[in-house]
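S.K.: Just so you know, the sequences run in chain order L and W. All residue numbers for the first sequence refer to my numbering, where the first residue is -5 and numbers rise by one. All residue numbers for the second sequence refer to my numbering, where the first residue is 31 and numbers rise by one. Positions of the beta carbon are idealized from the N, C-alpha and C atoms, including for glycine.
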Amino acid sequence: MPRSTLGGEVEVRLHGRGGQGTVVASLVLARAAMIEGKSVQAFPEFGVERRGAPVTAFLRVGPEKIRVRSKVYRPDHVLVLDRQLIPLVELPADHGGWFVANTPSEPAGLSSLPASWRPATIDATRLARAHGLGSGALPVVNCPMAAAFARITGIVGLDALLQAIRETVPQKPDANAAAAQEAWGTVAAAPTWEQDALQRAFGGS
Amino acid sequence: MTTSEKLLTGNEAAAWGAARAGAEVVAAYPITPQTTIIETLASLVHRGISKAEYIAVESEHSAMAACIAAAHTGARAFTATSSQGLALMHELMHWAAAARLPVVLANVNRAMAPGWSIWTDQNDSLSQRDTGWIQIYCVDNQEVVDSVIQAFALAARTSLPVMVVLDAFVLSHTAEAVHIPEEEEVRPLIPEWNAPWKIDIDRPAALGSLVPPAEYEKMRKKLCDAHAQAALVIEDLAATWRKRFGRGAGLIESYRAEGAETILVTSATIASTARVVIDELRDKGVPAGLVRVRVFRPFPVAALRGALAGAKRVVVLDRNCSYGASGIFYQELRAALCGVPGAPVVHGYIAGMGGRDVTPLTVRAALGRAMEGEAPVPESTWLSE
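#1: Using C-beta distances below 8 Å, list every residue in its chain close to Leu0 (chain L), excluding the 5 sequence neighbours before and after it, in chain order.
#2: Taking only three categories from DSSP, how would you classify Leu413 (chain W)?
#3: Would the beta-carbon of Gly372 (chain W) fall within 8 Å of that of Tyr360 (chain W)?
#4: Which ranges would you report for the alpha helix (DSSP H) in the stretch 11 to 87 of chain L if only whole runs of at least 4 residues count?
#5: Measuring straight from C-alpha to C-alpha, what distance separates Glu161 (chain L) and Ala171 (chain L)?
#6: If we define contact as Cβ-Cβ less than 8 Å, is Thr70 (chain W) a contact residue for chain L?
#7: How is the alpha helix (DSSP H) around Gly378 (chain W) delimited, first residue to last?
#8: Output the distance between the C-alpha atoms of Ala127 (chain W) and Lys252 (chain W), rounded to the nearest integer angstrom.
#9: Determine, using beta carbons only, whether Leu73 (chain L) comes closer than 8 Å to chain W.
#10: Per DSSP, what kind of secondary structure is Asp197 (chain W) in: helix, strand or coil?
#11: If you run the structure through DSSP and keep just helix, strand and coil, what is His89 (chain L)?
#12: Tell me, to the nearest whole angstrom, how far the beta carbon of Pro113 (chain L) is from that of Phe143 (chain L); I am working on the premise that it is less than 8 Å.
#13: Quick one: list the residues of chain L neighbouring Val200 (chain W), beta-carbon separation under 9 Å, in chain order.
#14: Determine the burial state of Lys36 (chain W): buried for a count of at least 16 other Cβ atoms within 10 Å of its Cβ, exposed for fewer.
#15: Please list, in chain order, all residues of the same chain as Val331 (chain W) whose beta carbon is under 6 Å from its beta carbon, the five residues on each side excluded.
#16: Could you name the residues of the same chain whose beta carbon sits closer than 8 Å to that of Leu122 (chain W), not counting the 5 residues immediately before and after it, in chain order?
#17: Mind checking if Ala207 (chain W) is an interface residue toward chain L, Cβ cutoff 8 Å exclusive?
#18: Closer than 8 Å, CB to CB, is Thr204 (chain W) near chain L or not?
#19: If Val56 (chain W) and Leu38 (chain W) are in contact, beta carbons under 8 Å, what's the gap, nearest whole angstrom?
#20: Can you give the Cα-Cα distance for Ala136 (chain W) and Pro69 (chain L), rounded to whole angstroms?
#21: For His155 (chain L), would you say it is in contact with chain W, using Cβ-to-Cβ distances shorter than 8 Å as the test?
#22: In chain L, what lies closer than 7 Å to Thr389 (chain W) by C-beta?
#23: Taking Glu83 (chain W) as the reference, give the member of W:Ala107, W:Glu206 and W:Thr66 with the closest Cα.
#24: Using the DSSP secondary-structure output, state which residues sit across from Val175 (chain W) in a beta bridge.
#25: In its own chain, which residues sit with a C-beta less than 6 Å from the C-beta of Leu156 (chain L), not counting the 5 before and 5 after it?
#26: Comparing the CB of Leu190 (chain W) with every heavy atom of the ligand MG, is any distance shorter than 7 Å?
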């Protein structure tokens, strides 16, 4: 069970490409958690960023001051902004959580994940284009992805998230907030562990 | 989140500190990973939040030259740099300190080339050890903003230049909650600098003449004495911060070190990660503790002797190396404990060079190896070997 449900510190890894807003996604989630009174730490993979190249960012959220300052090696949850990166993300098999990915596929289509990881999916690229975020060739998917991630993991609520988006994004705060709100409503998740158990125990629903 | 808390990177925190302290002259040249300090300051000047005169110069050497000139007239001068940039300032680093000028510099710790690296280690700032600058190593972004503000007060009170040091990326590009003190809360703590050698057009004087040996030696003794005075001012400022803001450390910071048999001594952000390891060990009943060296110059000999008294073993974890000698904090600590009756055995380990990630595992390895009886070696043990 992810540690978020136990009220402890949550470690998140974000994967995207330079230009998609991966680092800003980590800052949006951090700011939202801060608005909710939590302690946060958000940082990019320490390196040189190039447009189009894979980018990693890290996020820690917790009830107490966060002290660990190394990178995140065993994430509780993972957020993937680019579908081509999905098969490349390394996941600890013995430490599963939510794997929230930007893809038009249904969650069940992400069959390569270790069994302990639970997929959730959203077509944020389509959403970003529909809301005029970024360019057609390089849609900026960070805000809808942050919203989908927040909805699925429960890491922050919608009000704080929308406020954080307005305070963080450099351009088009309204369009970003609208795309986030739509993503919040439409992200699709594989059944939760509890739902699975109920299904197995009682059948039907 | 209180209303005055912002989500800031270490670099943004450094810039806000300089603005709140009332920096009047900022002269700087960009270098990764420092650049966002001066970018943020440029933006704060543009927005009128900082009233500083911002001078874009053609090199780090010129940046320090401009700060020296500005400080000489009593202006609060600030610059920021990193690694090769700091090395290029070296000649003038000596000048700023020996001329007893209150310049404040933020250095983002970045490994020296070659091989090219943009990641953190402490060899850039520690190479400036003997210039006469005060050096403060920060553990988190809150301490960055507080230390930069304190640096202006400390510099003005001691006529010494102050370097505030933060780890590349681990602080410089990491965002976390930071409380930024208001101008009116901190400005009264920073006195006007009015030393007799301040350049004043109403008081014509000649400066920088040839100094006979006996006078020169006297000047150097005074520089040394000023560091002893600075140690007291640092503790005084820390007390003010604790009273006013309920936070902050002085020369050193102890964590669960009381009654500890084994004490880890380290600096900067490693000391943050290390707390998790100390908690784990304490939970298992292992009497281990941590002492963080926040101020490297003046080296807090008396404070360290006090904090380490009674420990059986001290484990120094260095993110630096004096090649041909050992880890530098290890070297300094052994010198500080030399001749102290019943002094603990001191182990030295090196890790995290060139930004190699220092995880709880790294810290656990250093403590574990020393506690299992690995013999200390004079040149430090490289943990990865």
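M.R.: Per the coordinate set shown:
#1: Within the first sequence, residue 0 (chain L) is the residue found at index 6, counting from 1. Only weak support is given to the placement of Leu0 (chain L): the predicted model assigns it a pLDDT of 40, under 50, and the value that follows is read from those uncertain coordinates. Result list for Leu0 (chain L): empty, nothing under 8 Å.
#2: Indexing the second sequence from 1 puts residue 413 (chain W) at position 383. The three-state secondary structure of Leu413 (chain W), taken from DSSP, is coil.
#3: Taking the first residue of the second sequence as position 1, residue 372 (chain W) is located at position 342. Taking the first residue of the second sequence as position 1, residue 360 (chain W) is located at position 330. It is not a contact, given that the beta carbons lie outside the stated cut-off.
#4: 16 to 29
#5: Here residue 161 (chain L) refers to the residue found at position 167 of the first sequence. Here residue 171 (chain L) refers to the residue found at position 177 of the first sequence. Cα to Cα, Glu161 (chain L) sits roughly 11 Å from Ala171 (chain L).
#6: Numbered from its first residue, the second sequence carries residue 70 (chain W) at position 40. It does not; no Cβ of chain L falls within 8 Å.
#7: Start at 1 with the first residue of the second sequence, and residue 378 (chain W) comes out as number 348. Per DSSP, Gly378 (chain W) belongs to no alpha helix (DSSP H); it is in the beta strand (DSSP E), Val375 to Ile380.
#8: On the second sequence, residue 127 (chain W) is found 97 positions in, with the first residue counted as 1. On the second sequence, residue 252 (chain W) is found 222 positions in, with the first residue counted as 1. Straight-line Cα distance between these residues: approximately 11 Å.
#9: For the purposes of this step, residue 73 (chain L) is taken as residue 79 along the first sequence, with counting starting at 1. For Leu73 (chain L), the answer is no, since every Cβ of chain W falls outside 8 Å of its Cβ.
#10: The residue labelled residue 197 (chain W) in the question sits at position 167 within the second sequence. If DSSP states are grouped into helix, strand and coil, Asp197 (chain W) belongs with the strands.
#11: On the first sequence, residue 89 (chain L) is found 95 positions in, with the first residue counted as 1. Three-state DSSP puts His89 (chain L) in coil, outside helix and strand.
#12: The residue given as residue 113 (chain L) occupies position 119 in the first sequence. The residue given as residue 143 (chain L) occupies position 149 in the first sequence. Not quite, the Cβ-Cβ distance comes to about 12 Å (not below 8 Å), so this is no contact.
#13: For this step, residue 200 (chain W) is matched to residue 170 along the second sequence. Under the 9 Å cutoff, chain L gives Phe37, Phe40, Arg63 and Ser64.
#14: Here the question's residue 36 (chain W) lines up with position 6 in the second sequence. Classification of Lys36 (chain W): buried, given that the 10 Å Cβ count is 16 or more.
#15: Position 301 of the second sequence, counting from 1, holds the residue named residue 331 (chain W). Leaving aside the five residues that flank Val331 (chain W) on each side, the residues in its chain whose CB is nearer than 6 Å to its CB run, in chain order, Ala366.
#16: Taking the second sequence and counting its residues from 1, the one referred to as residue 122 (chain W) is at position 92. The beta carbon of Leu122 (chain W) lies closer than 8 Å to those of His91, Met94, Ala95 and Ile98 in the same chain, with the five residues before and after it left out.
#17: Within the second sequence, the letter at position 177 stands for residue 207 (chain W). It does: the Cβ of Ala207 (chain W) has a partner Cβ on chain L nearer than 8 Å.
#18: Stepping through the second sequence from its first residue, residue 204 (chain W) is reached at position 174. With 8 Å as the cut-off, Thr204 (chain W) counts as an interface residue toward chain L.
#19: The residue labelled residue 56 (chain W) in the question sits at position 26 within the second sequence. The residue labelled residue 38 (chain W) in the question sits at position 8 within the second sequence. Rounded to the nearest angstrom, the Cβ distance from Val56 (chain W) to Leu38 (chain W) is 18 Å, too far for a contact under 8 Å.
#20: By 1-based counting over the second sequence, the position of residue 136 (chain W) is 106. By 1-based counting over the first sequence, the position of residue 69 (chain L) is 75. Cα-Cα distance, rounded: 33 Å.
#21: For this step, residue 155 (chain L) is matched to residue 161 along the first sequence. Here residue 155 (chain L) turns out to be Leu, not His, going by the sequence shown. With 8 Å as the cut-off, Leu155 (chain L) does not count as an interface residue toward chain W.
#22: On the second sequence, residue 389 (chain W) is found 359 positions in, with the first residue counted as 1. Here the neighbours are Ser64.
#23: Counted from its first residue, the second sequence places residue 83 (chain W) at position 53. That would be W:Ala107, whose Cα lies nearest to the Cα of Glu83 (chain W).
#24: In the second sequence, residue 175 (chain W) corresponds to position 145, counting from 1. Answer by DSSP bridge pairing: none, since Val175 (chain W) is not bridged.
#25: Residue mapping note: residue 156 (chain L) aligns to position 162 of the first sequence, counting from 1. Only Ala171 meet the Cβ criterion.
#26: The ligand content of the structure shown is nil, which means the ligand MG is not present either.
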